[in-house]
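Working notes, structure below.
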Amino acid sequence: MVIKVKDLPEEEYILPGTRMCSGCGLQIAYRWALKALGPNTIVCNPASCSTVTGGVGGYTPIKVPVMYDCFETVAAHASGVSAALTAKGKDKETVVVAWAGDGGTYDIGIQGLSGAAERRSNFIYVCYNNQAYMNTGIQRSSATPFGAKTTTTPIIGKAQVNKNMFKIMRAHGLSYIATCASGYPQDLFEKFQKAREFNGKGVRFIEILSSCPPGWGHKVNESVEVTKKAVESGYWPLMEVIEGKLVISNPSKKYLDKSKRKDVRDYLKMQSRFKHFTEDDYKVWEQYIDDLWQELKWELEKQSDL
Ligand SMILES: Cc1ncc(C[n+]2csc(CCOP(=O)(O)OP(=O)(O)O)c2C)c(N)n1
Ligand code: SF4
Ligand SMILES: [Mg+2]
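Under the UniProt record's numbering, the residue at position 220 of the sequence shown is numbered 220, and the numbers go up by one with no gaps.
Written out as structure tokens, the structure reads:
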């Protein structure tokens, strides 16, 4: 069931006037996530583009408390805030969110995240994945996909495929894991509400594919369309793992059937970071998507046999 726009709360927790670029997918995601979580939310935020949202000089457009921390420490920070709330008996009403980029999650913050997940610290960990270190000038991260040009992979693009964070987090046995995309705000809204309902059940992990016009090289008015194409091609499945069980979300369900998936080249050709692609590069992507769905299908079949 997808929530109707008329049923959404009108309250906004990120007001107009942020310092994000026009068309920033992260901004859409951040706004809708806070809408779903409500006013009793504390955000822990490491160095990244989302830090920029907070504004400068004592003014901020964000209406919930946001605490900044070092690049590598957000999961330890959120663990501490959540433990303090428990000590004060306030952990039921207030939700703690660690809100980090892909660099802060896949790379420098991964050991803190893994430790917090294993300890069953109680917070929602969000990785908004714009697939590079955007805030410092578009350097490649281990989330950057195969072939993408960045300022540190400037000639033929990145030679390796990205890490699979979804699988890494699954291996921690979390109560709730989900993928979202900034072009599907209603799906994102519902998943954040669900993650909130799992309060008290350790780390809940949500990863959001977030478009970035300067980093990906698409037009500012294509920010929603580009992540829609990522989902429609099957490249970015929207899904959840609830208490260990895999569920493909409604917008992605039909892509279990390969013939329903749109051509991933439409997605890639919208972005200048893939402009240099040869036929062989496109084939790597097509194979990546086929393998991904084969594995998901295999798991769904195994689940239905149980
Ligand atoms: C220890 C440390 N190394 C490097 C930096 C510089 N730095 C600040 S933000 C950032 C990039 C963050 O990338 P990501 O987490 O993907 O978030 P994004 O900027 O893409 O939103 C870097 C490298 C830092 N603040 N601290
Ligand atoms: S560089 Fe990208 S992620 Fe950062 S504020 Fe601009 S659009 Fe958003
Ligand atoms: Mg990033």
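C-beta atoms are modelled at their ideal positions from N, C-alpha and C, and glycine is treated no differently.
Computed from a predicted structure; not experimentally measured.
Could you tell me which of ARG140, ALA87, PHE146, HIS172 sits nearest to ARG119, measuring between CA atoms? Relative to the Cα of ARG119, the nearest Cα in the group ARG140, ALA87, PHE146, HIS172 belongs to HIS172.
I'd like to know whether the C-beta atoms of ARG31 and ILE42 end up nearer to each other than 8 Å. No, they are not a contact pair.
Could you tell me how far apart the beta carbons of GLY112 and ALA76 are, in whole angstroms, since I believe they sit closer than 8 Å? With 8 Å as the limit, GLY112 and ALA76 qualify as a contact, their Cβ atoms being about 5 Å apart.
Cβ-heavy atom distance between PRO61 and ligand 2 below 7 Å? Placement of the Cβ of PRO61 at a distance of 7 Å or more from every heavy atom of ligand 2 is found.
For ILE206 and ALA178, believed in contact at Cβ under 8 Å, the rounded distance: The C-beta distance from ALA178 to ILE206 rounds to 5 Å, short enough to fall under 8 Å.
Short of 7 Å in beta carbon distance, which residues of its chain neighbour THR105, apart from the five on each side in sequence? Order them along the chain. Result list for THR105: LEU113, CYS127, MET165, in chain order.
What is the DSSP secondary structure of ASN221, reduced to helix, strand or coil? Of the three classes helix, strand and coil, the one that applies to ASN221 here is helix, per DSSP.
Could you give the DSSP three-state label for ASP91: helix, strand or coil? ASP91: coil per DSSP, three-state reduction.
Quick check: the Cα distance between LYS219 and LYS269, rounded to an integer number of angstroms? For the pair LYS219 and LYS269, the Cα-to-Cα distance works out to about 12 Å.
Extent of the continuous alpha helix (DSSP H) run through PHE146: PHE146 -> no alpha helix (DSSP H), and no H or E assigned at all.
Got a sec, what are the start and stop residues for the alpha helix (DSSP H) VAL126 sits in? Counting along the chain, VAL126 falls outside any alpha helix (DSSP H), though it belongs to the beta strand (DSSP E) covering 124 to 129.
Threshold first: 4 residues or longer. Then list the alpha helix (DSSP H) segments lying entirely within the stretch 234 to 283, N to C. DSSP runs (the alpha helix (DSSP H)) wholly in the stretch 234 to 283: 250 to 253, 264 to 269.
CB of GLU72 to nearest heavy atom of ligand 1: below 7 Å? At least one heavy atom of ligand 1 lies less than 7 Å from the C-beta of GLU72.
Any heavy atom of ligand 3 inside 7 Å of the beta-carbon of GLU132? The amino acid at residue 132 is misidentified as Glu; the sequence shows Ala. Because some heavy atom of ligand 3 lies under 7 Å away, the Cβ of ALA132 counts as near it: yes.
Between the CA atoms of TYR267 and GLY183 - distance to the nearest angstrom: Looking at the two C-alpha atoms, the distance is approximately 13 Å.
Bridge partners of PRO46, per DSSP? Secondary-structure assignment with DSSP links PRO46 through a beta bridge to ASP69.
Quick test of your reading: LEU34 and PHE189, contact by CB under 8 Å. State the CB separation rounded to the nearest angstrom. For a cut-off of 8 Å, the C-beta gap from LEU34 to PHE189 is around 10 Å, too long to register as a contact.
Is the beta carbon of ASP107 within less than 7 Å of some heavy atom of ligand 3? Answer for ASP107: no, Cβ out of range of ligand 3.
What is the DSSP secondary structure of ARG196, counted as helix, strand or coil? Three-state result, ARG196: helix.
What residues in its chain sit with their C-beta under 6 Å from that of GLN186, if we drop five residues either side in the sequence? VAL2, ILE3, listed in sequence order.
Short of 6 Å in beta carbon distance, which residues of its chain neighbour SER48, apart from the five on each side in sequence? Order them along the chain. The residues are GLY101, GLY104, ASN135.
Beta-carbon separation of ILE138 and GLY215 under 8 Å? Against a cut-off of 8 Å, the Cβ pair of GLY215 and ILE138 comes out as a contact.
When the Cα atoms are used, what is the spatial distance from LYS92 to ILE242? The straight-line gap from Cα to Cα measures roughly 20 Å.
Within the continuous alpha helix (DSSP H) that includes ARG119, where are the two ends? Segment 110 to 119, the alpha helix (DSSP H) holding ARG119.
Give the secondary structure of GLN160 by DSSP, where H, G and I count as helix, E and B as strand, and everything else as coil. Coil, per DSSP.
Inspect the beta-carbon positions of VAL95 and LEU37 and report whether they are closer than 8 Å. In contact: VAL95 and LEU37 (Cβ atoms closer than 8 Å).
What residue does the beta strand (DSSP E) around residue 344 start on, and which one ends it? In the structure as shown, the chain begins at 1 and stops at 306. Residue 344 is therefore absent and cannot be evaluated.
Quick check for students: name the residue ranges of the beta strand (DSSP E) that lie wholly in the stretch 161 to 190, counting only runs of 3 or more. DSSP runs (the beta strand (DSSP E)) wholly in the stretch 161 to 190: 176 to 181.
With a threshold of 6 Å on Cβ separation, who are the neighbours of GLU240 within its own chain once the five nearest residues in sequence on each side are excluded? Around GLU240: ALA178, VAL247.
Residues of its chain near TYR255, where Cβ-Cβ distance is below 6 Å and the 5 sequence neighbours each way are ignored: Shown here for TYR255: same chain residues with a beta carbon closer than 6 Å to its own, the five before and five after excluded, namely GLY234, ARG261 in chain order.
Closer than 7 Å to a non-hydrogen atom of ligand 2 - does that hold for the CB of MET20? Result yes, Cβ under 7 Å from ligand 2.
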